[in-house]
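Student: The structure is given below, and queries will be raised subsequently.
In the numbering used here, the protein residues as written are 3 to 155.
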């Protein structure tokens, strides 16, 4: 019977340690990194919000979007409109539409309202409805949220 030398044992220990130090994090990364089912369900719940389908008079829908950030796993859905109207008119329209759909104006710690930002519980988390623009003829109405309760606007 052959004896295994100290050098072979040391090489085996280094190999096992390397496998554990590189292999386990790689498996964790591959199985948990990025957007998954929870984010898909949140996106679906946010897309179902009726306020995304409303638009001020004179706005033409240009595109809809749905995104998820793989690093931070926040979800954003929204609609962009071609719109040449005023910011004031757009904000007034969405303030009324948002409140009718159960959204509340976002307030600061000092109690001031944040223009163009509303909050509501959606899909088990706090979602934020934002109205931006019109800038260069584009009005963007989006909802953003995540499962770690980040504050967005």
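Just so you know, even glycine gets a beta-carbon here, dropped at the ideal spot from N, CA and C.
For clarity, every value in this text was computed on a predicted model and none was experimentally measured.
1. Buried or exposed, going by whether 16 or more other CB atoms sit within 10 Å of the CB of residue 124?
2. Which residues mark the beginning and the end of the beta strand (DSSP E) in which residue 85 is found?
3. With distance defined between alpha-carbon atoms, name the residue in 91, 109, 147 nearest to residue 43.
4. Using the Cβ count rule (16 or more neighbours within 10 Å means buried), how would you classify residue 153?
5. Looking at C-alpha atoms only, which residue of 39, 78, 90 is the closest neighbour of residue 59?
6. Going by C-alpha distance, which of 40, 119, 51 is nearest residue 71?
7. Please name the residue or residues paired with residue 152 in a DSSP beta bridge.
8. Can you tell which of 88, 37, 45, 38 has its C-alpha closest to the C-alpha of residue 144?
9. Return the chain-ordered list of same chain residues with a C-beta closer than 8 Å to the C-beta of residue 105, the five sequence neighbours on each side being excluded.
10. Looking only at its own chain, which residues have a Cβ that is under 7 Å from the Cβ of residue 151, when we skip the five neighbours before and after it?
11. Which partner residues of residue 66 appear in the DSSP bridge assignment?
Tutor: Based on what the coordinates show:
1. buried
2. Element bounds for residue 85: n/a, residue is neither H nor E.
3. 147
4. exposed
5. 90
6. 40
7. Its beta-bridge partners do not exist; DSSP assigns none.
8. 45
9. 53, 120, 121, 122, 131
10. 127, 128
11. 81
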